[in-house]
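Taking it in order: structure first as structure tokens, then the write-up.
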């Protein structure tokens, strides 16, 4: 059995132009070309297209997909691997749906939110590549083991402590205290204690580590928003206070 390029494009939710482009790249060669110039695709071609679309959804470029397909001659093994990835993604999305539904119900009913429920499905492993590139594979694996070992109550306590610290940073800054004040420096010490509690045995809280982390709070909005939501400029205040604390209290 075979299908025309228009039929395949319609069923796959793509375009004939895209399929022709895949053909030009050697990614998806038609099983035959009719005398009228129309391209036709058989079952093997459809399976290959499915694999291409799956790899595209994983964020791979077309040259990278070509390398993957050329390196995987066992179609059954490749499809089983794809199936496992999709099942994991399905489970993660299912947890996200349940998490958002729970948040919606709790906020509508005026009930207290639980951090573990709010973030279920928003997996920390999404940052695996970034952590590995910044601090090495061993650092990621140690942190991952530690996070999983905490259990629900431990993870909630860890997140709640950071939330309390972030809130207190906003209060200290709003009260007009400077980053070198007694209040700010006590909070910087507490912040470092919290940092040391993470990642299994915990990171080495050195002068350069804390100063670099403070800079990251300002440079990367993903981190900065945790503090600036308690007042614009709070992330910069945290950076300045941590820098002072590190320069006077910590060593490398």
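Residue numbers (the UniProt record's numbering): 1 to 252.
Each residue gets a CB set at the ideal place from its N, CA and C atoms; glycine is no exception.
Within a Cβ cutoff of 7 Å, which residues of the same chain sit near residue i, ignoring the five residues on either side of it in sequence?
i: residue 6; result: 16
i: residue 43; result: 1
i: residue 162; result: 194
i: residue 180; result: 244
i: residue 101; result: none
Which residue's Cα is closest to the Cα of residue i: the options?
i: residue 210; options: 225, 224, 218 and 192; result: 192
i: residue 40; options: 28, 50 and 51; result: 28
i: residue 54; options: 187, 246, 217 and 13; result: 13
i: residue 208; options: 33, 242 and 177; result: 242
i: residue 154; options: 64, 198 and 165; result: 198
Give me, in chain order, the residues of the same chain whose beta-carbon lies closer than 6 Å to that of residue i; leave out the 5 immediate sequence neighbours on both sides.
i: residue 234; result: 169, 170, 173, 227 and 228
i: residue 45; result: 31
What three-state label does DSSP hand residue i in the structure shown?
i: residue 172; result: helix
i: residue 40; result: strand
i: residue 33; result: strand
i: residue 208; result: helix
i: residue 4; result: strand
i: residue 230; result: coil
i: residue 250; result: coil
i: residue 149; result: helix
i: residue 28; result: coil
i: residue 118; result: Because the pLDDT of residue 118 is 45, which lies under 50, any placement of that residue in the model is unreliable, and the question is left without a value.
i: residue 179; result: coil
Between the C-alpha atoms of residue i and residue j, what's the straight-line distance to the nearest angstrom?
i: residue 178; j: residue 56; result: 50 Å
i: residue 4; j: residue 97; result: 38 Å
i: residue 52; j: residue 251; result: 51 Å
i: residue 240; j: residue 221; result: 17 Å
Closer than 8 Å by C-beta to residue i: which residues in its own chain qualify, once you throw out the five before and the five after it? Chain order, please.
i: residue 9; result: 15, 16, 18 and 19
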